[in-house]
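When you read off a place in the sequence shown, starting at 1, and then add 436, the result is the number in the working numbering.
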Amino acid sequence: MTLDHLRERGLNSDIERVLLGSLVQMKSKWWVSTLLAASTVFATQASPAAAADRTTHTSAGPAAPVGLADGPGVWMNIWSYPVNDVDAYCLKLHNSGVRNLFVQTSRSNTESIRQPEVLSALIDGCHHYKIRVIAWSFLELANPEADAQKLVDAARFRTKTGQSFDAIAPNMEKDLNPAKVERISKALRAELGSSYPMIAVVFSPLNKATQVANIPWKMLDKYYDVIAPMNYWNSKYAKLEAYSYTRDTIKKVRELCGRQDVEIHIIGDGMKTHAPEIKDFMKACHDTAVTSASLYPFHQMTEEQFQCLTQYHEYFPVNSRYRLAAFRELIKSGAMPRPVLDPAKAMPRGEFYHILAHKLTGRNDMQEAEAVRLLMDYGLVPDQHKQAFASKPRYVGEDMEHREAYALVANLIEAKGRAQKAGVKLDGQKPVNLLRAHKRGDWFSLPAMAEPASPPTKQVLTYMDAAHIILSAEHDFR
437 MTLDHLRERG LNSDIERVLL GSLVQMKSKW WVSTLLAAST VFATQASPAA
487 AADRTTHTSA GPAAPVGLAD GPGVWMNIWS YPVNDVDAYC LKLHNSGVRN
537 LFVQTSRSNT ESIRQPEVLS ALIDGCHHYK IRVIAWSFLE LANPEADAQK
587 LVDAARFRTK TGQSFDAIAP NMEKDLNPAK VERISKALRA ELGSSYPMIA
637 VVFSPLNKAT QVANIPWKML DKYYDVIAPM NYWNSKYAKL EAYSYTRDTI
687 KKVRELCGRQ DVEIHIIGDG MKTHAPEIKD FMKACHDTAV TSASLYPFHQ
737 MTEEQFQCLT QYHEYFPVNS RYRLAAFREL IKSGAMPRPV LDPAKAMPRG
787 EFYHILAHKL TGRNDMQEAE AVRLLMDYGL VPDQHKQAFA SKPRYVGEDM
837 EHREAYALVA NLIEAKGRAQ KAGVKLDGQK PVNLLRAHKR GDWFSLPAMA
887 EPASPPTKQV LTYMDAAHII LSAEHDFR
């Protein structure tokens, strides 16, 4: 998945580009505040159906980026295929917000495809309801090449209408010998190519099983597009706390892979679990900015679990994959001042200003203090923040809010436009004030008659948020 591919498919970047453009052009305080509020709503809260329409199959055009869809997933083993009305089952998934169905197609000791007639109907039905279907297999790795062939067969399986699985997911937990893991991974890539979406399913690094110590995390990151840890807090020996177990699993996977932008799909414990712990699980996913999540049920999903998944969009942005791609792009460009292993961590104000100064001038050689001073000299920093920088030495290292970030980005876009018209070279050598001094001192507050009865919730800018905002405006920075 590339950022350009995501942009082409019309994800939230288009919405936010329009919003930022409107911020530059409009002077009404009421409408600016409304637009800022709308940008947050569009980015984080949409109905399951609306989210699916942005990110999955459509009848009017080609499929969206391959692999996982934005949205929740459900796992199904080879003993749990729907036995009666497959279409009704797929409709139930869709109405519950499910956008990824992980279907077991084999084990090491079975044929490659179990019940091809049911699988054919299941894939067709899911695609009709905008649900991705991923083939998974429980592999013992006694013969890695033979195990790989089972998933190659699944990837090449075609329904009666010519449709296929959207990805494969080898489940490796019995034998995690690094040499065997590399053999199966190489075999899969040799047969399916470098661009076919593959998901590695392994234990949570917090699991106490002895084979967990053998998991070659960096090798998995090399061969697979997504890492999917089995995050089961109901262990054989103890019932663990869902929130902390999930949070720590995600952080540990990033640490072991050595990359803050590794794509993680976290598999939640659906084995006789209930709403409170499932919601704690999704809250931990939100707080760690993980890309997507699913539930592995005890044979069949319960109505209570399905109901929890209808609330998935309250915890995940509808465009998680775009946000991750934006974050990766920011790192790749060299604009990120220093590496961070937690993209959900609050970004200090100075780092955001540093990135904007880089976008303005193309320079990467500035320290944060110089970047702040440069943005002030070009007139991009609203007066209230200028005063805060002058009176609070630690202000540069404090957290900042979304509203301040949007204001600065809007100012930068306008400054770029004015500089081009005036023939001003933006190299930071001779900065001039490019904005009218009075223009934005109080733009980002509602007029008195429209002030809310209670103060708005503070939205702290994270590294992932910053990447999303900046890359959404990238077109206008040029």
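Note that the Cβ used here is the ideal one computed from N, Cα and C, for glycine as well.
Query	Result
Identity of the residue in F752, A524 and N579 nearest H564 by Cα	A524
Enclosing beta strand (DSSP E) for I620 [first to last residue]	Looking at the DSSP string, I620 is not in any beta strand (DSSP E); the run it does join, the alpha helix (DSSP H), is P614 to L628.
Residue of G798, G833, D684 and D602 minimising C-alpha distance to V539	D602
Nearest neighbour of G770, chosen from K795, N755 and E750 [CA to CA]	K795
Residue range of the alpha helix (DSSP H) that includes I514	Neither: I514 is in no alpha helix (DSSP H) and is coded neither H nor E.
Contact set for V698: own chain, Cβ-Cβ below 8 Å, skip 5 residues either direction	D657, I663, V689 and R690
Continuous alpha helix (DSSP H) assignments of at least 4 residues falling wholly in the segment 741-796	756-768
N- and C-terminal bounds of the beta strand (DSSP E) containing P733	S728 to P733
Euclidean distance between Cα positions of M783 and S756	18 Å
Beta-carbon gap between T685 and P641 smaller than 8 Å	yes
First and last residue of the uninterrupted alpha helix (DSSP H) at L575	Here L575 belongs to no alpha helix (DSSP H); instead the beta strand (DSSP E) covers R568 to L575.
Rounded separation between R592 and S600 - CA only	7 Å
Close Cβ partners of V648 (< 6 Å) along its chain, the five nearest in sequence each way excluded	F639
N667 classed as buried or exposed, judged by whether at least 16 other C-beta atoms fall within 10 angstroms	buried
Enclosing alpha helix (DSSP H) for L537 [first to last residue]	Run containing L537: none in the alpha helix (DSSP H); it sits in the beta strand (DSSP E), N536 to R543.
Local conformation of I663 per DSSP, three classes	strand
Local Cβ density within 10 Å of H904, reported as buried at 16 or more and exposed below that	buried
Distance CB(V510)-CB(L731) smaller than 8 Å	yes
Which listed residue (G786, S532, P552 and Y679) has its alpha carbon closest to that of T541	P552
Rounded separation between V817 and N513 - CA only	56 Å
Nearest candidate by alpha-carbon position, reference T898, set H722, A626, Q865 and R799	H722
Of the listed residues E910, A605, A584 and G503, nearest to E765 (C-alpha basis)	E910
DSSP three-state assignment for H701, whether helix, strand or coil	strand
Inter-residue spacing [alpha-carbon to alpha-carbon] between S516 and T738	13 Å
Proximal residues to D912 (C-beta, below 6 Å), its chain only, five neighbours per side dropped	I849
Cβ-based neighbour list, G999, same chain, cut-off 6 Å, excluding 5 preceding and 5 following	Nothing can be reported for residue 999: it is not among the residues displayed for the chain, which extend from 437 to 914.
The beta strand (DSSP E) enclosing F639, as first and last residue numbers	I635 to F639
For M900 and A780, believed in contact at Cβ under 8 Å, the rounded distance	6 Å
Through-space distance from E576 to S544, alpha-carbon basis	6 Å
Start-to-end residues for the alpha helix (DSSP H) that takes in N531	V522 to N531
Sufficient close CB pairs (3 or more, under 8 Å) joining the segment 575-589 to the segment 609-627	yes
Cβ-based neighbour list, D705, same chain, cut-off 6 Å, excluding 5 preceding and 5 following	Y668, W669 and N670
K675 (DSSP reduced to helix, strand or coil)	strand
Nonlocal neighbours in the same chain, by C-beta distance under 7 Å from A855, ignoring five residues either side	L862 and L870
As assigned by DSSP and simplified to three states, the class of E837	strand
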